[in-house]
């Protein structure tokens, strides 16, 4: 048993977010715009958002990567989770996905417990998670079928929807190809198309772009952002890349190396800038440096 | 497309070449030995007409039926047990020693037991073919299922998929390539065992036909029977290749 409970919570409301947005777009965001929320009051009264309540996860060896985690993340926003290997960031994601059963505690989305059978989850694993024996289109259609009929009724409609998402990802012509004949970047596009085609209320991405080369990664980040803007969902995005976190995350969750230390949730005004030029903006660099500083303290 | 066509042509040509080479070797040997126990290909093929009139089709049909029933039965049972052992640690722990201990028993030696228990009819023949195949199938299916990475099920789990859906979309297709190669290997074994079981208690089947021709000292017919049995095996082999081409398309597109 570890001593202190990890507490990090955001009391940010929609107003705060939109305030940050207007600040961000005006381009006059001071470095202090990135607020350290560690000291904020734990928990919120509203039922909005993704809420972790006393979440405790134990590995079979007894180690506890997460111990009584209290955290609330805003609804329909992207939260990037960044941390050193082995800090439990993937475990946190897998717990939300229902792949790891917590020892104690609960995860709620808008007041309802997150369960794979009830919550529509779009999961993009690091290895893309495509079924090698199904074509790109069939991978998406199968996922839609398993997720339930709500997405698109009828096989024809599902196939059309799958093709639409493949086209949105820029691989419209590859629907009948098998994953093994696709490049890593193309497979990742299929995986992301699948996640969005489900119209998920929760989007979970586990280092989705880490296996891609730099150029492909940048175009995938853009595609992801554009798709998410059109179909916003509460998204958790695990990454080990500071730039990626600052580029995509409205919040950045910095997980410490030592499980005893506090998790820190940072606001990131750079995510409110227009996409074009975001990566080159002064704000982006300041945020990246700030996150690096926080990481240096935390790791 | 052109490339695959050329590959197929090359393969076909090499098969025809090997077949022709074997016949030439056979012919030369027959000339050298110069003894009725090894007739040359010409009288052997010449007797094929007689074979057809003597109702070789019926013998072939019986043999195919026994092979098909033996393979089908062992596939159903072997798949069920192999999948169970591959997916459940409990069942694997329980059944592994059973399979381990019974696998090395030469099942063909159980032929008299099968005959005593199930008579001389079809049951004992099919049972023996199935018995020999089922252990290979259990072991290879179990290992194939175990080799499917646990992450393959992750996305389905997050979608709330039940165990039937996981079986249908992941376990079965993931194990299918191994199942096909097991069937391929099993075919050879099945035909050998078939021959063995057809020399008793039946008047139909290629095994019976060949042994009968041998006893009648009609060597041309005996060799013709061997040729027909081999051709039958080859056709079954091709059938597995066709299934492989249809179901395993995803593997060859690297």
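Protein chains in written order, with the numbering used here: chain A, 1 to 299; chain B, 1001 to 1254.
Glycine is no exception: its CB is placed at the ideal position from the N, C-alpha and C atoms.
- If only uninterrupted alpha helix (DSSP H) runs of at least 4 residues are considered, those enclosed by the stretch 1018–1089 of chain B are 1041–1046, 1048–1053 and 1056–1087.
- Each of A:181, A:57 and A:226 was checked against the Cα of residue 105 (chain A), and the nearest Cα belongs to A:57.
- Looking at the backbone, the Cα of residue 1135 (chain B) and that of residue 1099 (chain B) are separated by about 7 Å.
- Burial state of residue 129 (chain A) is buried, judged by a 10 Å Cβ sphere holding 16 or more other Cβ atoms.
- B:1068 is the residue among B:1128, B:1059, B:1049 and B:1068 whose C-alpha sits nearest the C-alpha of residue 1239 (chain B).
- Here the alpha carbons of residue 223 (chain A) and residue 212 (chain A) stand approximately 14 Å from one another.
- For residue 147 (chain A), the closest Cβ of chain B is nearer than 8 Å.
- If you draw a straight line from the Cα of residue 1104 (chain B) to the Cα of residue 1125 (chain B), it comes to about 20 Å.
- If you check the CB distance, residue 199 (chain A) and residue 293 (chain A) do not come in under 8 Å.
- Within the same chain, no residue comes within 8 Å of residue 1093 (chain B) by CB-CB distance, once the 5 residues on both sides are set aside.
- Classified as buried, residue 90 (chain A) has 16 or more neighbouring CB atoms from the shown chains inside 10 Å of its CB.
- The beta strand (DSSP E) runs lying completely inside the stretch 104–164 of chain A and spanning 3 residues or more are 104–109 and 121–124, given in chain order.
- Only residues of its own chain outside the window of five on either side were considered, and among them 49, 50 and 79 have a CB closer than 6 Å to the CB of residue 73 (chain A), listed in chain order.
- Closer than 8 Å to the CB of residue 1171 (chain B) there is not a single CB belonging to chain A.
- For residue 216 (chain A), no beta strand (DSSP E) segment is defined; the enclosing uninterrupted segment is the alpha helix (DSSP H) at 214–230.
- Scanning its chain for C-beta atoms nearer than 8 Å, with the 5 sequence neighbours on each side dropped, one finds around residue 141 (chain A) the residues 155, 158, 159 and 162, in chain order.
- Around the Cβ of residue 1152 (chain B), a 10 Å sphere holds 16 or more other Cβ atoms; the residue is buried.
- Residue 1141 (chain B) sits close to residue 1175 (chain B), with the two beta carbons spaced by under 8 Å.
- It is roughly 47 Å from the alpha-carbon of residue 1236 (chain B) to the alpha-carbon of residue 210 (chain A).
- Using a 10 angstroms sphere on the CB of residue 1183 (chain B), the tally of other CB atoms reaches 16 or more, which defines it as buried.
- Counted as a single uninterrupted DSSP element, the beta strand (DSSP E) harbouring residue 53 (chain A) occupies residues 50–57.
- At a cut-off of 8 Å, the C-beta of residue 165 (chain A) has no neighbouring C-beta in chain B.
- In terms of Cβ geometry, residue 1039 (chain B) and residue 1030 (chain B) form a close pair [threshold 8 Å].
- In summary, residue 1015 (chain B) is exposed, with fewer than 16 beta-carbon neighbours lying within 10 Å of its beta-carbon over all protein chains present.
- Taking the Cβ atoms as the reference, residue 77 (chain A) lies roughly 7 Å from residue 251 (chain A), within the contact range of under 8 Å.
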